[in-house]
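Engineer: Under our numbering, think of the first position of the sequence shown as 53, with each following residue one higher.
Each residue gets a CB set at the ideal place from its N, CA and C atoms; glycine is no exception.
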Amino acid sequence: MNFTGILGYYNPFTAEAQYNSQLPNTYIPFTSAHESSHQLGFAREQEANFIGYLIGIDSKNPELRYSTEYFTLKSLLNFIVENDPEFVKLMLSNYSLPMKRDRAYEKAFVLKHQGLLDDFFGFTNNLFLKSNQQEGSVTYSYFIDLLLNYKTA
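What follows is the structure, encoded as structure tokens:
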């Protein structure tokens, strides 16, 4: 699964959730929460991310909480970067040393596994999402909309 860009997969026919066990450790806990959200009936990707956030953010498990916080921070920064790249650079420079190591490891992992398979599976996943009345892979960013509405409610 490393070369496909797939972090996890929910099989709706067997109701099984799987994750790529070779992912960086920072990905695994939140990916598990995300896939568990699909098992709970949240089919849309942004909803699964949001429910994964609710599962992980107050967890007593420090790895799950960190993975959730780290995923959320990355999502927020990706949401902001187009409008305020300088702010994002500032935030990245203020990462703690362990966070900088995690980010470097994740980037190296992604770069090592990018290629034609990753492009192909990204394209087919986008088609799959669209065929299921979602807006394609862009739906992952709607997690931020749900999060902001939740935090301001």
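Could you spell out the range, first to last residue, of the beta strand (DSSP E) harbouring residue 95?
Structural biologist: Note, residue 95: premise wrong, no beta strand (DSSP E); not H, not E.
Engineer: Are residue 195 and residue 102 close, meaning C-beta to C-beta below 8 Å?
Structural biologist: Yes, these two residues count as a Cβ contact at 8 Å.
Engineer: In or out: residue 116 buried (at least 16 other Cβ within 10 Å) or exposed?
Structural biologist: With 16 or more other Cβ atoms within 10 Å, it is buried.
Engineer: DSSP state of residue 130, grouped into three classes?
Structural biologist: Helix.
Engineer: In angstroms, rounded to a whole number, what distance separates the CA positions of residue 142 and residue 129?
Structural biologist: Each residue's Cα considered, the two are about 11 Å apart.
Engineer: Give the C-beta separation of residue 78 and residue 138 to the nearest angstrom, bearing in mind that I take them to be a contact with Cβ-Cβ under 8 Å.
Structural biologist: Their Cβ separation, rounded to whole angstroms, is 25 Å, which puts residue 78 and residue 138 out of contact at 8 Å.
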